[in-house]
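Residue numbers (this note's numbering): 1082 to 1215.
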């Protein structure tokens, strides 16, 4: 059994690789954080949907159904992990970063849960900047 030091970076890599391979769906080990990130990706329109399968394996799995444009181009142009295990990145409520001039989405872990940058700003909270998607 191997130890994974950054499960979110692994999740983002799997999504990138699945889009590169033109896959319709990918499966990865479940965690609450990955589930929340998948929820936000679905709400923001970056993926079709996601499903949690708690009965599979020890911790369960999460299925992510990918979304493509009409010309089979990826809906997601880029994914970037911001906060890393060796260098955590935090942003106060007034310093939440914008992605691609507001066209992208930043995902932040706040005291009110995992939120997009816009919702965190709206709620008046800051937190750890997990990743950005555009």
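Glycine residues also receive a C-beta, built at the ideal position from the N, C-alpha and C atoms. None of the values given here were measured: they were computed from a predicted structure.
Neighbourhood of residue i by C-beta distance below 8 Å, restricted to the same chain and skipping five residues each side
{"i": "residue 1082", "result": "Confidence in residue 1082 is poor, its pLDDT being 47 and thus under 50, which makes the residue's placement too unreliable to answer from."}
{"i": "residue 1180", "result": "1186, 1187, 1198, 1213, 1214 and 1215"}
{"i": "residue 1184", "result": "1215"}
{"i": "residue 1127", "result": "1148, 1156, 1157, 1186 and 1214"}
Cβ neighbours of residue i in the same chain (closer than 6 Å, five flanking residues each side left out)
{"i": "residue 1195", "result": "1117"}
{"i": "residue 1178", "result": "1187"}
{"i": "residue 1191", "result": "1201, 1206 and 1208"}
Backbone secondary structure at residue i - three-state DSSP
{"i": "residue 1088", "result": "helix"}
{"i": "residue 1132", "result": "strand"}
{"i": "residue 1117", "result": "helix"}
Cβ-Cβ separation, residue j to residue i (assumed contact under 8 Å), whole Å
{"i": "residue 1115", "j": "residue 1085", "result": "In fact, because the Cβ distance is near 11 Å, the residues do not count as touching under 8 Å."}
{"i": "residue 1200", "j": "residue 1089", "result": "Incorrect: roughly 18 Å between the Cβ atoms, too far for contact."}
{"i": "residue 1211", "j": "residue 1164", "result": "6 Å"}
Proximal residues to residue i (C-beta, below 7 Å), its chain only, five neighbours per side dropped
{"i": "residue 1100", "result": "1147, 1155 and 1157"}
{"i": "residue 1142", "result": "1108, 1109, 1110, 1111 and 1134"}
Per the contact definition of three or more C-beta pairs closer than 8 Å, is the stretch 1131-1139 in contact with the stretch 1165-1177?
Contact between the stretch 1165-1177 and the stretch 1131-1139 is absent, because fewer than three Cβ pairs lie under 8 Å.
Taking contact to mean at least 3 C-beta pairs separated by less than 8 Å, is the stretch 1103-1112 in contact with the stretch 1136-1151?
Yes, the stretch 1103-1112 is in contact with the stretch 1136-1151.
Counting only runs that start and end within the stretch 1175-1208, where is the alpha helix (DSSP H) found for 4 or more residues in a row?
1198-1204
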